[in-house]
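Report on the structure given below.
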Amino acid sequence: MQDDDILIGCLMEDSWLTLEQVAAACSVEPVWLIRHIEEGLFPHAESVAGTWRFSGASLLRARRMRQLERDFDAVPELAALVADLLEEMDTLRALTRQAVPGRDR
Amino acid sequence: MQFKDYYQTLGVARDATADEIKKAFRKLARKYHPDVSKEADAELRMQEVNEAHAVLSDPEKRAAYDQLGRGHRPGETFRPPPDWDAGFEFTGQAYSPGETADFSDFFAELFGHMGGAHAGTRHARTGFRAQGEDHHAKVLLDLEDSFTGATRQISLRAPKVDPQGRVQLETRTLNVKIPKGVHAGQVIRLAGQGAPGMGGAPAGDLLLEVQFKPHPRFRAEGRDLHRTLPVAPWEAALGAIVAVDLPQGSVKVRIPEGAQSGRQLRVRGHGIPGQPPGDLLLDLQVVLPPAKTPRARELYETMARELAFDPRAQEKD
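Going down the list, the sequences are from chains C and V. Mind the numbering: the first sequence is residues 3 to 107 in this note's numbering, read in order. Mind the numbering: the second sequence is residues 14 to 330 in this note's numbering, read in order.
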């Protein structure tokens, strides 16, 4: 591997993604994100001086909520509830993996 | 290329109504949901189910597929005739190009040229300029990588529009430098590695979301590292200095006198490196030596006799 083949990325801080970046990366419309934020369904976003910024975890959250709404015709509140539960499950699974080494689920 | 029977994938009859297709899809989407499914090949099956749904839930694509697929069996070698889709207009876009990138070559060959690709070509002809979309991928790292930095090879499958306006799936391999001190949930931005722009506009960025593979001993929370530290009863009771292995090197930690199982010790600055570095959090777990030899039994019996210790004393208050 040549040294000049290696891409050096810029490390973004947790709350550094813009609304447009999250929307484009997760195939959602910016208005979809704004509507969900305004309805309190998207906790991984914060407003700084009138501009929304997002944590890295919001990428997974946006994808999950959009898929739930599309696949099951879920109302946004239900999709947000399921996303909350999945995030809680992710945390608990990480704890379980540490308590029981080698266990995946 | 093999012919795919989307009706068989969803388990519905060829004359199934839109409602029956929707119900069958939802049932399978629940069964193979990657976050909850216990099926070994859930992710792959979910992709197949999504692909079948993308075609059969869209009246235009379904009609074209029905006409094309008449007389073909699943798995049979298949090549669509040229201009097979003349007369059909595809407008439905329930699945984005990024999502359909995971679909089969069969899907890409049949429906790859619809929607966004045509729109892009049209815009380019009229002088439209638009920056390419940012793409998003997840990169799984070893915890050790955040201590040392690393170079990782990442393969991405993304749709690419050819000069005829058809979308082909292209696999790209990138060598990416992972900076030291990276932690789960952070995003590495690779400028210009997303979708190409239109009309000479710059390409989008590639956003790589960092996650760690499960580690047998450590769990990372932000920059903090958690692990269980087994200690001998005398180390906990009398206090001790013990060496604790880290993902990179080790550190000596003082166990305070009178420590108990479940107590947490924080060692500042020994988590994931950074400005500031994270902390190392040790959950103490007192492990009893087995009473397998006469001498060990004798020691336990001496303690039982001379310590007059009742671990359930508080329950009796």
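Every residue, glycine too, gets a C-beta built ideally from N, C-alpha and C.
Check your understanding: Since ALA27/C meets chain V, which of its residues come closer than 7 Å, beta carbon to beta carbon?
Key -> Working through the first sequence from its first residue, we reach residue 27/C at position 25. Per Cβ cutoff of 7 Å: ASP147, HIS148, HIS149, LEU220.
Exercise for review: From the DSSP output, read off the bridge partner residues of LEU169/V.
Suggested key: Indexing the second sequence from 1 puts residue 169/V at position 156. For LEU169/V, DSSP records a beta bridge to ARG185/V.
Check your understanding: So which residues on chain C does LYS190/V lean against when the C-beta distance must stay under 9 Å?
Key -> Walking along the second sequence from the start, residue 190/V turns up at place 177. Per Cβ cutoff of 9 Å: ILE8, LEU9, ILE10, GLY11.
Exercise for review: Can you grab the Cα-Cα spacing for the pair ALA29/V / ARG37/C, in whole Å?
Suggested key: Indexing the second sequence from 1 puts residue 29/V at position 16. Indexing the first sequence from 1 puts residue 37/C at position 35. Answer to the nearest angstrom: the Cα atoms are 35 Å apart.
Check your understanding: At which residues does the beta strand (DSSP E) containing SER407/V begin and terminate?
Key -> No answer is possible for residue 407/V: it lies beyond the span of chain V, which begins at 14 and ends at 330.
Review point. Using a C-beta to C-beta distance shorter than 7 Å, which residues of chain V count as neighbours of ALA59/C?
Key: Numbered from 1 along the first sequence, position 57 holds the residue referred to as residue 59/C. Correct list: GLY198.
Check your understanding: With contact counted as at least three CB pairs below 8 Å, one residue from each stretch, are the stretch 161-171 of chain V and the stretch 39-51 of chain C in contact?
Key -> No, because fewer than three Cβ pairs between the stretch 161-171 of chain V and the stretch 39-51 of chain C fall closer than 8 Å, the two stretches do not touch.
Check your understanding: Among PHE44/C, MET91/C, LEU61/C, ALA59/C, which has the Cα closest to the Cα of ALA82/C?
Key -> As a working mapping, residue 82/C is identified with position 80 in the first sequence. Out of PHE44/C, MET91/C, LEU61/C, ALA59/C, PHE44/C has the C-alpha closest to the C-alpha of ALA82/C.
Exercise for review: To the nearest angstrom, report how far apart ALA249/V and SER159/V are at their CA atoms.
Suggested key: Mapped onto the second sequence, residue 249/V falls at position 236. Mapped onto the second sequence, residue 159/V falls at position 146. Cα to Cα, the separation comes out at about 31 Å.
Point to revise | Counted within 10 angstroms of its Cβ, other Cβ atoms place VAL33/C as buried (16 or more) or exposed | key: If you number the first sequence from 1, residue 33/C lands on position 31. With fewer than 16 other Cβ atoms within 10 Å, it is exposed.
**Study point:** Minimum Cβ-Cβ distance from ALA96/C to chain V less than 9 Å
**Key:** Within the first sequence, residue 96/C is the residue found at index 94, counting from 1. Interface with chain V (9 Å Cβ-Cβ cutoff): ALA96/C is included.
Practice item. Can you tell me which of GLN21/V, ALA53/V, PHE16/V, PHE116/V puts its alpha carbon nearest to the alpha carbon of ASN63/V? Key: Sequence index remark: in the second sequence, residue 63/V carries index 50 (1-based). Closest in alpha carbon position to ASN63/V, among GLN21/V, ALA53/V, PHE16/V, PHE116/V, is PHE116/V.
Check your understanding: Exposed or buried, what is PHE231/V when buried is set at 16 or more other beta-carbons lying within 10 Å of its beta-carbon?
Key -> Mapped onto the second sequence, residue 231/V falls at position 218. Label assigned to PHE231/V: buried.
Check your understanding: Any idea which residues DSSP pairs PHE56/C with across the strands?
Key -> In the first sequence, counting from the first residue as 1, residue 56/C sits at position 54. LEU19/C, ALA47/C, per the DSSP bridge assignment.
Point to revise | Separation of LEU97/C from ARG63/C, as counted between CA atoms | key: Taking the first residue of the first sequence as position 1, residue 63/C is located at position 61. Taking the first residue of the first sequence as position 1, residue 97/C is located at position 95. In a straight line, the C-alpha of ARG63/C is about 20 Å away from that of LEU97/C.
Practice item. Would you kindly report the start and end of the unbroken beta strand (DSSP E) that includes LYS151/V? Key: Taking the first residue of the second sequence as 1, we reach residue 151/V at position 138. Bounds of the beta strand (DSSP E) holding LYS151/V are 148-154.
Review point. Listed in chain order, which residues of the stretch 35-51 of chain V have Cβ atoms closer than 9 Å to some Cβ of chain C?
Key: Using a CB distance below 9 Å, the part of the stretch 35-51 of chain V facing chain C consists of LYS35, PHE38, ARG39, ALA42, ARG43, HIS46, ASP48, VAL49, LYS51, ordered along the chain.
Review point. Can you tell me whether DSSP reads ILE34/V as helix, strand or coil?
Key: Stepping through the second sequence from its first residue, residue 34/V is reached at position 21. Three-state result, ILE34/V: helix.
Check your understanding: Is there a Cβ from chain V that is less than 9 Å from the Cβ of ASP86/C?
Key -> For the purposes of this step, residue 86/C is identified with residue 84 of the first sequence, where counting begins at 1. No, no contact with chain V.
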